[in-house]
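Trainee: Quick one: the structure is below, and I'll ask about it shortly.
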Amino acid sequence: MYSGGNASSLPLVGGKAEPTIKQLSKPGRRASRFPKLDVPEVEISNSALTSIKPTLPEVSEHDLVMHYSRLAHRNFAVDLGFYPLGSCTMKYNPRFADFVASLPTFANSHPSTPSKFTQGNLSILFELEHYLTEITGMDCATFQPPAGASGELTGLLIIKKYLQENNLQHKNQIIVPDSAHGTNPASAKMAGFEVVEVSTDLRGMVNIEDLKDKVNENTAGLMLTNPNTGGLFEENIVQISKVIHDEGGLVYYDGANLNAIVGVCRPGDMGFDIVHSNLHKTFATPHGGGGPGSGPVAVKNFLREYLPGPIVIKKDDIYEWYEPASSIGRMHGYHGNFLVALRALVYMKLLGKEGLDELGSYAVLNARYLSSIVSKVIPLAYDEPCMHEFVASVKNLKKSHKIKAYDVGKALLDRGFHSPTIYFPLIVEEALMFEPTETQTVDTLDDLAATLEIIIQELQETESSFEEYPKNLPVGRPNELIPAKHLTVNWGDFELLEITE
Ligand SMILES: Cc1ncc(COP(=O)(O)O)c(C=O)c1O
219 MYSGGNASSL
229 PLVGGKAEPT
239 IKQLSKPGRR
249 ASRFPKLDVP
259 EVEISNSALT
269 SIKPTLPEVS
279 EHDLVMHYSR
289 LAHRNFAVDL
299 GFYPLGSCTM
309 KYNPRFADFV
319 ASLPTFANSH
329 PSTPSKFTQG
339 NLSILFELEH
349 YLTEITGMDC
359 ATFQPPAGAS
369 GELTGLLIIK
379 KYLQENNLQH
389 KNQIIVPDSA
399 HGTNPASAKM
409 AGFEVVEVST
419 DLRGMVNIED
429 LKDKVNENTA
439 GLMLTNPNTG
449 GLFEENIVQI
459 SKVIHDEGGL
469 VYYDGANLNA
479 IVGVCRPGDM
489 GFDIVHSNLH
499 KTFATPHGGG
509 GPGSGPVAVK
519 NFLREYLPGP
529 IVIKKDDIYE
539 WYEPASSIGR
549 MHGYHGNFLV
559 ALRALVYMKL
569 LGKEGLDELG
579 SYAVLNARYL
589 SSIVSKVIPL
599 AYDEPCMHEF
609 VASVKNLKKS
619 HKIKAYDVGK
629 ALLDRGFHSP
639 TIYFPLIVEE
649 ALMFEPTETQ
659 TVDTLDDLAA
669 TLEIIIQELQ
679 ETESSFEEYP
689 KNLPVGRPNE
699 LIPAKHLTVN
709 WGDFELLEIT
719 E
């Protein structure tokens with residue numbers, strides 16, 4: 219088994235624990251020097267000056283490189299090991315897309331440059347918009363939102379403006395399934411809507427009868443991801459869209475799970491009016507802590523003029539920026555995260571139509587294979603064929619052996635695998651959500667299932683305490699609540715507190 223991401227083998231520095239960059243600092247050391255001034259010196263006004271010197275670390279270039287390289291190797295990464303984080307689509311990102319995005323012609327182009335000098339860049343967004351709308355079955359798109367959650371807010375503000383312009387302000391409720399990602403109700407609330415929850419039936423799908431009960435003249439719309447967060451395809455999706463449309467509401471597609479259906483079916487054909495895609499999941503940029511993302515929002519033609527601008531149009535073979543007439547306004551500076559969009563286009567061209575058509579099918583095949591072998595060790599939450607991800611539950615193991623989803627995740631990390639998503643969706647007790655993606659080989663999937671079996675067996679046979687895991691990583695079980703509640707990221711103020719349950 220490959221044990222990527224295991225930091226225990228890293229040498230300590232001089233036999234001691236890794237120093238911080240501040241501890242490495244020695245007065246006078248430099249990683250770089252400013253070039254000699256080759257323009258006339260200008261006095262800076264006193265009001266712009268401060269008498270407090272910044273306390274920046276002073277280190278040599280090599281110390282700097284070694285320090286951050288050592289830290290980087292302690293991180294788990296898509297390039298180091300299997301990262302089956304459900305709902306996050308942590309798949310391998312082809313180097314070629316990164317190579318193109320790092321070409322100086324793209325990386326150094328400034329967004330304020332007049333469009334007549336950046337026709338190539340505009341053509342990239344224009345072409346990507348065409349591919350994305352083709353894949354999702356929509357008509358036009360904006361690249362402003364920098365993430366899925368921002369795409370959700372964009373979509374909901376579009377719904378709001380559309381309703382206002384059509385004198386339908388009384389429509390103030392957004393229906394969200396109880397299985398939804400937390401960003402869905404949060405975005406609806408941020409956009410000023412009331413959130414109405416619809417339940418999930420025993421098979422893991424939207425409860426149609428409950429939906430019909432919840433829909434009324436105040437329904438502004440529904441947010442849904444399909445496949446849903448249980449990894450199941452909402453087989454009643456056409457009926458669901460119709461229930462909302464019949465009451466004059468709009469249907470929003472949370473594109474977090476688009477990877478499952480690329481090349482197979484399209485949200486636009488299922489009745490969705492607005493779709494966000496997470497380019498940073500489905501199309502070549504890592505999701506999560508991996509840097510900026512992109513959550514372009516695509517709509518049907520009747521919503522085009524509400525999109526945040528600028529969007530690219532083509533007139534007489536010239537590309538131009540266009541501000542939609544009733545735009546909700548900007549969601550991001552300039553044109554969104556252009557280099558993430560560029561990677562997505564390169565990825566699509568690299569795979570071609572044939573590759574894109576196979577993408578979703580292979581993602582589903584891998585998930586079905588993995589679910590069939592994992593289910594021998596941990597029961598699945600739903601007895602339905604999964605799409606690109608599936609949810610297992612250790613609720614029985616918790617009862618019999620006090621073993622929690624959290625413990626399994628930590629034990630996997632110790633053995634070189636990233637944890638699956640845990641405790642999501644909220645409606646599944648002790649949930650472990652696995653998403654293998656299409657980029658894993660069958661050997662890696664077998665390795666993961668075999669490792670899970672070892673972990674569970676070890677616990678049952680030896681009754682060893684799972685709370686000891688991870689044993690070999692630089693960080694064990696930090697308190698995840700404190701940093702979220704008290705955001706203090708300055709060195710000196712931050713304490714790594716162990717969990718005290
Ligand atoms: C189902 C679902 N919806 C929305 C989001 C939010 O996407 P983002 O993290 O790009 O804001 C996620 C993120 O993983 C998700 O899984």
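Our numbering numbers the first residue of the sequence shown as 219 and each following residue consecutively.
Every residue, glycine too, gets a C-beta built ideally from N, C-alpha and C.
Out of PHE317, HIS498, ILE376, which one is the CA nearest neighbour of MET408?
Mentor: ILE376
Trainee: Would you mind stating whether SER405 and ALA367 have Cβ atoms separated by less than 8 Å?
Mentor: yes
Trainee: Which residues mark the beginning and the end of the alpha helix (DSSP H) in which TYR380 is found?
Mentor: 366 to 383
Trainee: Measure the C-alpha to C-alpha separation of TYR565 and SER278 and round it to an integer number of angstroms.
Mentor: 38 Å
Trainee: Measure the CB-CB distance between LEU705 and THR669 and report whether it falls below 8 Å.
Mentor: no
Trainee: The alpha helix (DSSP H) spanning PHE317 covers which residue range?
Mentor: 313 to 319
Trainee: Assign GLN391 to one of three DSSP states: helix, strand, or coil.
Mentor: For GLN391, the secondary structure class from DSSP, reduced to helix, strand or coil, is strand.
Trainee: For TYR470, tell me which candidate among THR323, ALA438, CYS483, GLY449 has the shortest Cα-Cα distance.
Mentor: ALA438
Trainee: At the level of alpha carbons, what is the spacing between LYS613 and GLU647?
Mentor: 6 Å
Trainee: Given this structure, state the Cα-to-Cα distance separating HIS280 from GLY694, to the nearest angstrom.
Mentor: 29 Å
Trainee: Do ALA610 and ILE596 have their CB atoms nearer than 8 Å?
Mentor: yes
Trainee: According to DSSP, which residues form a beta bridge with LYS533?
Mentor: ILE536
Trainee: Identify the residues that DSSP records as bridge partners of GLY627: which are they?
Mentor: When DSSP reads this structure, GLY627 sits in no beta bridge, so it has no partner.
Trainee: Assuming LEU450 and MET605 make a contact with CB atoms under 8 Å, what is their CB distance in whole Å?
Mentor: Contact flag correct, Cβ pair sits at about 7 Å.
Trainee: Assess contact between the segment 441 to 459 and the segment 624 to 638, defined as three or more Cβ pairs (one per stretch) separated by less than 8 Å. Is contact present?
Mentor: no
Trainee: Going along the chain, which residues of its own chain have a beta-carbon closer than 6 Å to the beta-carbon of ASP491, five neighbours each way excluded?
Mentor: Only residues of its own chain outside the window of five on either side were considered, and among them LEU468, VAL469, LYS518 have a CB closer than 6 Å to the CB of ASP491, listed in chain order.
Trainee: Quick check on the contact list: which residues have their beta carbon closer than 6 Å to a heavy atom of ligand 1?
Mentor: SER305, CYS306, ALA365, GLY366, ALA367, HIS399, THR401, THR443, THR447, ASP472, ALA474, ASN496, GLY511, GLY513
Trainee: Give the DSSP-derived three-state secondary structure of PHE294 in the structure shown.
Mentor: coil
Trainee: For THR639, count the other beta carbons within 10 Å of its own beta carbon; 16 or more makes it buried, fewer makes it exposed. Which is it?
Mentor: buried
Trainee: Say whether chain D places a C-beta atom closer than 8 Å to the C-beta of GLY634.
Mentor: The chain labelled as chain D is not found in the depicted structure, where only one protein chain is given.
Trainee: Straight-line CA distance for LYS616 to LYS622?
Mentor: Approximately 6 Å between the Cα atoms of the pair.
Trainee: Using the C-alpha atoms, what's the distance from ASP256 back to ARG248?
Mentor: 21 Å
Trainee: Does the beta-carbon distance from ARG421 to TYR600 come in below 8 Å?
Mentor: yes
Trainee: Run the CB neighbour count on THR680, radius 10 Å, all protein chains shown included, and call it buried at 16 or more, exposed below.
Mentor: exposed
Trainee: Assess, as a yes-or-no matter, whether the segment 529 to 540 is touched by the segment 344 to 361 under the definition of 3 or more beta carbon pairs within less than 8 Å.
Mentor: yes
Trainee: Buried or exposed for GLU719, going by 16 or more other Cβ atoms inside 10 Å?
Mentor: Low local confidence applies: a pLDDT of 35 at GLU719 is under 50, so the model's placement there is unreliable, with the coordinate-based value given in what follows. Exposed, since its Cβ has fewer than 16 Cβ neighbours within 10 Å.
Trainee: By the three-class DSSP mapping on this structure, what secondary structure does MET441 have?
Mentor: strand
Trainee: Taking only three categories from DSSP, how would you classify PRO237?
Mentor: Three-state DSSP puts PRO237 in coil, outside helix and strand.
Trainee: Exposed or buried, what is GLY410 when buried is set at 16 or more other beta-carbons lying within 10 Å of its beta-carbon?
Mentor: Around the C-beta of GLY410, fewer than 16 other C-beta atoms lie within 10 Å, and the residue is accordingly described as exposed.
Trainee: Under a Cβ-count criterion, where at least 16 other Cβ atoms within 10 Å of its own Cβ denotes burial, should HIS505 be classed as buried or exposed?
Mentor: That one is buried.
Trainee: Please report the distance separating the alpha-carbon of TYR286 from that of ASN293.
Mentor: 11 Å
Trainee: Which residue's Cα is closest to the Cα of MET441: HIS388, THR354, GLY373, ARG484?
Mentor: Among HIS388, THR354, GLY373, ARG484, the Cα nearest to that of MET441 belongs to GLY373.
Trainee: Measuring only the C-alpha atoms, how far is VAL558 from THR503?
Mentor: Taking the straight line from one Cα to the other gives about 7 Å.
Trainee: Is THR401 helix, strand or coil by DSSP?
Mentor: helix
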